[in-house]
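Residue numbers (this note's numbering): 1001 to 1130. Here a beta-carbon is modelled for each residue, glycine too, at the ideal position from N, C-alpha and C.
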């Protein structure tokens, strides 16, 4: 996994922050309307937490294996909300679609692979925390 590319590409998404989060949730709910009921009607707080949490994970990705406590806590929290292992690929697909949308021509197969691997590693930690 190319951590440098991952973090550099995150900065591009962070620059549009709320717009990217809005795109993510629209994609998620459009492609999987069955998960909409898992979220509050007012998504403003959720959007802020999503952006903050993802930013924290990416800022600390190099030490994630040594200290997965934040991601484990996220996994336990999500499980308490009814999130199961089958939901992670759904969210991952929406995340990758969002990244592709905001990166445009800069979205390469290598960058997609890096993000998919990073998301898979984080999802695995979250799932195993339950």
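For residue i, is the classification buried or exposed, using 16 other Cβ atoms within 10 angstroms of its Cβ as the cut-off for buried?
{"i": "residue 1082", "result": "exposed"}
{"i": "residue 1059", "result": "exposed"}
{"i": "residue 1084", "result": "exposed"}
{"i": "residue 1009", "result": "buried"}
{"i": "residue 1122", "result": "buried"}
Do residue i and residue j have their C-beta atoms closer together than 8 Å?
{"i": "residue 1091", "j": "residue 1001", "result": "no"}
{"i": "residue 1115", "j": "residue 1006", "result": "yes"}
{"i": "residue 1130", "j": "residue 1075", "result": "yes"}
{"i": "residue 1062", "j": "residue 1125", "result": "no"}
{"i": "residue 1020", "j": "residue 1098", "result": "yes"}
{"i": "residue 1022", "j": "residue 1049", "result": "no"}
What number of angstroms, rounded off, separates the C-alpha of residue i from the C-alpha of residue j?
{"i": "residue 1106", "j": "residue 1056", "result": "23 Å"}
{"i": "residue 1079", "j": "residue 1012", "result": "30 Å"}
{"i": "residue 1066", "j": "residue 1095", "result": "25 Å"}
{"i": "residue 1040", "j": "residue 1113", "result": "32 Å"}
Item to check | Any alpha helix (DSSP H) of 4 or more consecutive residues that is wholly inside the stretch 1049-1085 | outcome: The qualifying runs are 1069-1080.
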